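J.:
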Amino acid sequence: MDAKVHELLNQQINKEFYSAYLYLDFSNYFKAKGLDGFANWYMIQAQEERDHAMLFYTYLQNEDVPVTLEAIAKPDKVFSEHMEVLKAGLEHEKYVTSLINDIYGAAYDVRDFRTMQFLDWFVKEQGEEETNANDLITKMDLFGSDPKSLYMLNQELAARIYSAPSLVL
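Position 16 of the sequence shown, counting from 1, maps to 35 under my numbering, and the rest follow consecutively.
Here it is as structure tokens:
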């Protein structure tokens, strides 16, 4: 495997674990505000990010290249309102999309078709993640100022269940 592609894939493991930490922090915020449905939604987001990290980890192991685990940074944002959290989630998903695109571009440059094929799932996944984050912002914008509507949105998010990724390595 090309050294740059290997480095970017390895770094992505850490970035995915950081994403899990970030979403756990978001979940903590909403739990403290009494919005258990929002807390559930972000707890599931954290589970997804941990699984994404493990997919990258497994891919590198299957390619017989070393994995180096690094320290995971502590989330450092303090939020004063619900919409700030949701917008930070969307911005983070856009950032992750840019990381995936960078890895894909590096793999493309060296004709690493196996890595490109592996990343195809993540490209699609990131599109879904950005859409979900944007939809949540739209719903909060429409309903968040009305307590009854916020309660219903919270109930909707509480119903979300975890579904592990179906990517086969």
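For each residue, glycine too, the CB sits at the ideal point set by N, CA and C.
Quick caveat: nothing in here was measured; it's all calculated off a predicted structure.
Report, in whole angstroms, the separation of the C-beta atoms of residue 21 and residue 131, which I expect to be a contact under 8 Å.
T.: With a Cβ gap of about 6 Å, residue 21 and residue 131 count as contacting.
J.: In its own chain, which residues sit with a C-beta less than 8 Å from the C-beta of residue 162, not counting the 5 before and 5 after it?
T.: Hits under 8 Å: 168, 169, 171 and 172.
J.: Buried or exposed for residue 180, please, with buried defined as at least 16 other CB atoms from any protein chain shown within 10 angstroms of its CB.
T.: Classification for residue 180: exposed.
J.: Do the CB positions of residue 107 and residue 37 come within less than 8 Å of each other?
T.: No.
J.: Alpha carbon to alpha carbon, what distance is there between residue 129 and residue 83?
T.: Straight-line Cα distance between these residues: approximately 18 Å.
J.: Hey, which unbroken runs of the alpha helix (DSSP H) at 4 residues or more fall wholly within the stretch 141-182?
T.: Taking only runs of at least 4 residues, the alpha helix (DSSP H) segments lying wholly in the stretch 141-182 are 166-177.
J.: Evaluate contact between the stretch 24-38 and the stretch 62-75, counting only Cβ atoms and requiring at least three cross-stretch pairs below 8 Å.
T.: A contact exists between the stretch 24-38 and the stretch 62-75.
J.: With DSSP run on the structure shown, which of helix, strand or coil describes residue 56?
T.: Residue state, collapsed to three classes: helix.
J.: Quick check on the DSSP output: the alpha helix (DSSP H) that includes residue 92 runs from which residue to which?
T.: Element bounds for residue 92: n/a, residue is neither H nor E.
J.: Taking the straight line between their C-alpha atoms, what separation do you get for residue 96 and residue 30?
T.: Between residue 96 and residue 30, the C-alpha separation is close to 22 Å.
J.: Indicate whether the contact test is met: 3 or more Cβ pairs, each with one atom in the stretch 35-54 and one in the stretch 145-164, closer than 8 Å.
T.: Result no; under three Cβ-Cβ pairs closer than 8 Å.
J.: Beta carbon of residue 123, beta carbon of residue 142: below 8 Å?
T.: Yes; because the gap between Cβ atoms is below 8 Å, this pair is in contact.
J.: On a CA-only basis, which of 79, 178 and 182 is nearest residue 59? Give me that one, please.
T.: The shortest C-alpha separation from residue 59 is found at 178.
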